[in-house]
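*Asks:* To start, I am sharing the structure in question, which I have written as structure tokens.
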């Protein structure tokens, strides 16, 4: 079994979710990583040092620079022949590209898998994580996307996996990259943070969301998350959303503050090691998944919590 | 310009589904079914583009058992002009659905193809991308803003860490994120009027599609239950507990 991982990156750094995918893929066989991009030799060398990577394939062309699905999918397909599994993390990148690859190869895709039983059998969540289905396929080739939070991240070592330059597929010219606006943040990345503090609609305004959660997150070195209600009310940008349709996180410690705990939210955080809920409604559903809960007014509890943590 | 919108009938998002005791599947015999929420956004966007004079016809498509007619009637009531129902009792996965939709697109020749980004039952998030590949068309997944110019469509899409904007040649496939718009409520008179609109039936046999080769379901299980937690009286007690668990 040989596995090809499609690396997600920004030209300089590998996305951490790809490291989780590398760990998962090692259960299937020898791991090769495809780095497609424009002028990113430094990155290729970084990837060759990651433990568990047996070979790095490097495709360099200007039309790969923005990792557009229309350009990357044909490249992956052109390299697919020797591989039994084509793999990426189930991030926005992997979700965008891999089904296109699967359709071009006319094979099945197992989306967002959380467990590899064997090379043909996988477990994945359905119905917002209310059920886990075990699926199986006898197909000679499968496309997989990996739920990053279900696997640890591969680490870099002292080895140097061989780097092989591969031929770039021609530009498809179906789509054009216009621009990208990233939310500036000095905080740990939401899906990788050890601690996440998330706020919901109960904060009442974007100002209060920032004023209360930022000092708490700073004190804990935490990433800030949000419920969909908080995002829709524009208290937080949408890439902070935790849940079925947002990010899936599984930190050591998760604070759900002023969040009722609808299944669409808990689907994104119920694998956290310890969950703390702060809510004024004692019957809020969030208390059903919380390890520790406080019933009370978040406008009093959050500043108090921040103060006591700072004084420790 | 014509738009084609694919809609799926799914268990209503408010329903908490239960796994059958024998692990063979989910107990969804008598639960409320609705249009997949992302597909509502897709229909809404098509209707808005029509209201803005960018497109002149909206065709809604659904695949599945007879009851899918309900969601097609909802789509028609929201503003779709006509509907196509590919009636089948087969379980269809994204691979099969995208192949069937490919046939419908080839017949209808729409310039804009809209879908929801994922169905809230199997959470696969594949159909739009697969369809775009089969059509050799460009794709813009997780769309939060759509603008139609003459020969291209400019789409802002949600990515990890922010948003990006792409310009796609037509025909193009777009998958709707929840933030694309707020779907309108269906008014009763519109629902009545929708009954007069055309709802065409198609069969998989007529379309001549091979839908073999789906993944086999081995079993379905409940998620691992979390251990019941405790409520603490105040912040000091919470910090003590977290310290005891080595969490802080």
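Protein chains in written order, with the numbering used here: chain G, 6 to 317; chain Z, -16 to 231. Where is the CB? At the ideal position from N, CA and C, for every residue including glycine. Predicted model, so just to flag it, every value in this text is computed and none were measured.
In whole angstroms, what separates the C-alpha of residue 126/G from that of residue 201/Z?
*Replies:* 9 Å
*Asks:* Select from the segment 190 to 217 of chain Z all residues with a C-beta closer than 9 Å to any C-beta belonging to chain G, and list them in chain order.
*Replies:* 196, 197, 198, 199, 200, 201, 202, 203, 204, 205, 206, 207, 209, 210, 211, 212, 213, 214, 215, 216 and 217
*Asks:* Nearest to residue 238/G by CA position, among 210/G, 264/G and 311/G, is which residue?
*Replies:* 210/G
*Asks:* Would you mind telling me which residues of chain Z sit closer than 8 Å to residue 7/G, beta carbon to beta carbon, in chain order?
*Replies:* Those do not exist, as residue 7/G stays about 21 Å from chain Z at its closest Cβ, beyond 8 Å.
*Asks:* If distances are taken between C-alpha atoms only, which option among 60/Z, 106/Z and 3/Z comes closest to residue 175/Z?
*Replies:* 60/Z
*Asks:* Do residue 82/Z and residue 117/Z have their C-beta atoms within less than 8 Å of each other?
*Replies:* yes
*Asks:* Could you tell me whether the Cβ of residue 114/G comes closer than 8 Å to any Cβ of chain Z?
*Replies:* It does: the Cβ of residue 114/G has a partner Cβ on chain Z nearer than 8 Å.
*Asks:* What in chain G is Cβ-close to residue 56/Z, meaning under 7 Å?
*Replies:* Neighbours of residue 56/Z on chain G: none; closest Cβ ~25 Å, over 7 Å.
*Asks:* Note down the Cα distance separating residue 304/G from residue 49/G, rounded to an integer number of angstroms.
*Replies:* Going by the C-alpha atoms only, they are around 48 Å apart.
*Asks:* Is it the case that the Cβ atoms of residue -16/Z and residue 67/Z are separated by a distance below 8 Å?
*Replies:* no
*Asks:* Spell out whether any CB of chain G is found under 8 Å from the CB atom of residue 106/Z.
*Replies:* yes
*Asks:* Measuring alpha carbon to alpha carbon, tell me which of 268/G, 249/G and 275/G ends up nearest residue 260/G.
*Replies:* 275/G
*Asks:* Relative to the C-alpha of residue -11/Z, which residue among 87/Z, -3/Z, -5/Z and 36/Z is closest?
*Replies:* 87/Z
*Asks:* Would you verify that the beta carbon of residue 346/G is, or is not, closer than 8 Å to some beta carbon of chain Z?
*Replies:* The structure shown has nothing for residue 346/G, since chain G only spans 6 to 317.
*Asks:* At a CB-CB cut-off below 8 Å, which residues of chain G make contact with residue 14/Z?
*Replies:* Going along chain G, no residue has its Cβ under 8 Å from residue 14/Z, so there is no contact; the nearest lies around 11 Å.
*Asks:* By the criterion of Cβ-Cβ separation under 7 Å, what are the contact partners of residue 125/Z in chain G?
*Replies:* In chain order: 97.
*Asks:* Check distances from the C-beta atoms of the segment 138 to 170 of chain Z to those of chain G and list, in chain order, the residues that come in under 7 Å.
*Replies:* 141, 142, 143, 144, 145, 146, 147, 148, 149, 150, 151, 152, 161 and 162
*Asks:* To the nearest angstrom, how far is it from the Cα of residue 137/Z to the Cα of residue 35/Z?
*Replies:* The alpha-carbon atoms of residue 137/Z and residue 35/Z are separated by roughly 15 Å.
*Asks:* Just to confirm the assignment, what range does the alpha helix (DSSP H) spanning residue 137/G have?
*Replies:* Here residue 137/G belongs to no alpha helix (DSSP H); instead the beta strand (DSSP E) covers 136 to 141.
*Asks:* Does residue 172/Z get closer than 8 Å to chain G when you measure Cβ to Cβ?
*Replies:* Closer than 8 Å: no.
*Asks:* With a cut-off of 8 Å on the beta carbons, I'd call residue 273/G and residue 299/G a contact; round off their distance for me.
*Replies:* At roughly 22 Å, the Cβ-Cβ gap does not stay under 8 Å, so residue 273/G and residue 299/G are not in contact.
*Asks:* Which residues of chain G have a Cβ atom closer than 7 Å to the Cβ of residue 219/Z, listed in chain order?
*Replies:* Per Cβ cutoff of 7 Å: 313.
*Asks:* Can you tell me whether DSSP reads residue 196/G as helix, strand or coil?
*Replies:* coil
*Asks:* Give a yes or no on whether the minimum CB-CB distance between residue 31/Z and chain G is below 8 Å.
*Replies:* Proximity of residue 31/Z to chain G, defined by a Cβ-Cβ separation below 8 Å, is not satisfied.
*Asks:* Under 8 Å, do residue 9/G and residue 84/G count as touching if we go by C-beta distance?
*Replies:* yes
*Asks:* Which chain Z residues are close to residue 231/G, counting only those with a beta carbon under 9 Å from its beta carbon?
*Replies:* None at all; the shortest Cβ gap to chain Z is about 13 Å.
*Asks:* Verify the CB distance criterion: does residue 265/G have a CB-CB separation below 8 Å to chain Z?
*Replies:* no
*Asks:* Taking only heavy atoms of the ligand COA into account, decide whether any of them is closer than 7 Å to the Cβ of residue 211/G.
*Replies:* Here there are no bound small molecules, and the ligand COA is not part of this structure.
*Asks:* At which residues does the alpha helix (DSSP H) containing residue 54/Z begin and terminate?
*Replies:* 51 to 61
*Asks:* In chain order, what residues of the same chain lie with their CB nearer than 8 Å to the CB of residue 130/Z, ignoring the 5 residues before and after it?
*Replies:* 136, 137 and 138
*Asks:* Could one say the Cβ of residue 152/G lies closer than 8 Å to chain Z's Cβ atoms, at least one of them?
*Replies:* no
*Asks:* Residues in the same chain with beta-carbon distance under 7 Å from residue 79/Z, minus the five sequence neighbours each way, listed in chain order, please.
*Replies:* 194 and 197
*Asks:* Between the C-alpha atoms of residue 56/G and residue 291/G, what's the straight-line distance to the nearest angstrom?
*Replies:* 39 Å
*Asks:* Where does residue 93/Z fall in DSSP's three states?
*Replies:* coil
*Asks:* For the candidate residues 236/G, 214/G, 129/G and 32/G, whose alpha-carbon lies nearest to that of residue 159/G?
*Replies:* 32/G
*Asks:* Using CA coordinates, which residue listed in 193/G, 132/G, 174/G and 212/G is at the minimum distance from residue 10/Z?
*Replies:* The residue with the shortest Cα to Cα distance from residue 10/Z is 132/G.
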